[in-house]
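Notes follow once the structure below has been shown.
In the numbering used here, the protein residues as written are 1 to 473.
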């Protein structure tokens with residue numbers, strides 16, 4: 001807990017307690033605080049939970065390593081996170097994903113088929129008919145859309161690739177990333193790379209090849225592919241928290257914010273006592289809904305727009321079996337279930353195949369995702385009903401037999417923000433309505449991946465620095 005100058009009567013504190021206060025200790029908030037600290041800014045970070053990392057949380061239970069949030073990380077050459085991994089000494093802790101992770105299964109007709117990763121496998125895959133293959137091969141003939149109208153992902157893919165690739169390639173991918181459906185997402189907001197490939201290169205295949213060749217020539221060899229850390233994904237948050245040290249306070253609820261003439265005051269609850277803290281600048285690195293609640297009293301603020309951002313609920317089930325109980329070799333990253341297959345789960349990660357140390361010797365760990373935008377009822381099922389559903393799906397799809405020796409459930413009522421039609425315009429409106437000195441950070445703004453969430457925190461910090469609203473030294 002950082003030292004607080006407080007006034008329990010609610011009067012304003014003389015001067016400011018810090019230059020910039022960051023509310024929220026998830027990856028975005030940690031990124032903002034670390035960026036400010038590196039630039040010499042007097043910063044404090046407050047987190048309501050008793051731990052840092054937000055959705056990035058690793059738990060050990062009965063010898064199994066469980067990820068409550070992201071299971072792995074990928075960084076691009078341009079991502080700010082690359083430099084930080086080296087700076088924090090995490091490059092020595094990296095666990096590359098197993099080569100098996102390139103193998104990803106999709107369910108069709110109750111059977112599992114790997115996604116084709118080469119031209120020969122593309123022509124052999126049962127996931128597509130010959131008509132479906134030809135629709136992909138002729139994608140280059142489809143002219144770019146230039147009417148300026150925003151488009152759903154499903155409409156975009158049907159227009160360029162056809163129905164089969166949408167059903168068995170794109171739809172399951174969307175379930176794995178957004179826990180959503182292509183009908184619900186804006187291609188420009190949720191998958192901007194696809195929109196850019198069409199507009200800049202005239203098509204997906206042509207643009208994809210050019211982009212791949214460019215990255216091969218210029219990309220760094222560091223942090224290639226998918227990876228985690230020896231102790232799980234929480235190591236990232238813990239390392240940043242350790243670097244920030246006494247500038248971080250946990251188990252602190254920020255319950256109200258007030259604009260001052262040249263700064264901000266927030267009301268805090270800590271150890272059942274109300275305090276106040278003032279700062280020249282403020283970064284809200286929370287969920288969209290939490291930011292909306294804090295800004296609700298500001299008539300000119302973006303509370304309504306923040307509240308309108310939908311989130312998908314996701315329930316995660318962790319099942320530990322003896323290897324002999326599972327007939328499938330689990331030789332891949334996991335499996336995904338297309339909507340057209342009418343399964344009751346979104347997908348499964350073969351966690352113990354992905355990284356070592358995720359299950360005791362002789363055991364396997366399966367991480368099962370349930371719910372999403374099209375399965376909210378199942379996500380909210382009672383524990384015993386959910387366990388029955390999950391075990392039935394695992395039995396039918398992976399050939400599991402008998403009761404698992406380990407089973408645990410974790411629920412996220414609001415897991416993944418949905419980049420629906422109008423999302424980009426809503427974000428622009430939100431930012432325009434912010435008063436000077438107030439910035440937002442989070443995965444609901446410019447990208448949901450862990451690397452993009454980190455970049456969001458960096459952006460918020462750099463906005464504060466660029467504004468010149470700094471306390472005198």
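Yeah, the Cβ is synthetic: ideal placement off N, Cα and C, and Gly gets one too.
Note that the structure is predicted; figures quoted are calculated from it, not measured.
Its chain contains 400, 401, 402 as the residues whose beta carbon lies nearer than 7 angstroms to that of residue 325, once the 5 sequence neighbours on both sides are disregarded; these appear in chain order.
Note on the stretch 72-103: whole beta strand (DSSP E) runs with a minimum of 3 residues are 94-96, in chain order. Counting only the Cα atoms, residue 307 lies some 14 angstroms from residue 298. Taking 8 angstroms as the cut-off, the beta carbon of residue 188 is found no closer than this to the beta carbon of residue 443. Contiguous alpha helix (DSSP H) elements confined to the stretch 340-364 occur at 351-354, taking only those with 4 or more residues. Within 10 angstroms of the beta-carbon of residue 86 lie fewer than 16 other beta-carbons, which makes it exposed. Three or more Cβ pairs closer than 8 angstroms define a contact, and the stretch 133-145 meets that threshold against the stretch 201-213.
The beta carbons of residue 362 and residue 322 sit closer together than 8 angstroms. Nearest C-alpha to residue 64 among 212, 365, 353: 365. In the structure shown, the three-state DSSP call for residue 169 is helix. For residue 233 against residue 69, the beta-carbon gap comes to about 7 angstroms, under 8 angstroms, which counts as contact. A residue is called buried once 16 or more other Cβ atoms fall within 10 Å of its Cβ, and residue 358 is buried on that count. When Cβ pairs closer than 8 angstroms are counted between the two stretches, the stretch 408-425 is seen not to touch the stretch 334-347, the count staying below three. Contact between the stretch 151-161 and the stretch 179-188 is present: 3 or more CB-CB pairs across the two stretches fall below 8 angstroms. The criterion of a C-beta distance shorter than 8 angstroms is satisfied by residue 46 and residue 268. In this structure residue 392 is exposed. Its beta-carbon is surrounded by fewer than 16 other beta-carbon atoms within 10 angstroms. In summary, residue 459 is buried, with 16 or more beta-carbon neighbours lying within 10 Å of its beta-carbon over all protein chains present. Using a Cβ distance threshold of 8 angstroms, residue 447 and residue 175 do not count as a contacting pair. Our two residues, residue 253 and residue 44, have alpha carbons roughly 14 angstroms apart in a direct line. Per DSSP, the beta bridge partners of residue 64 are 61. Cα atoms of residue 339 and residue 173: separation of roughly 11 angstroms, rounded to the nearest angstrom.
Counting C-beta atoms within 10 angstroms of its own C-beta, residue 124 has fewer than 16 neighbours from the protein chains shown and is therefore classed as exposed. DSSP lists 316 as the beta-bridge partner residues of residue 410. Taking residue 429 as the centre and dropping the five residues before and after it, the same chain places the C-beta of 302, 305 closer than 8 angstroms to its C-beta, in chain order.
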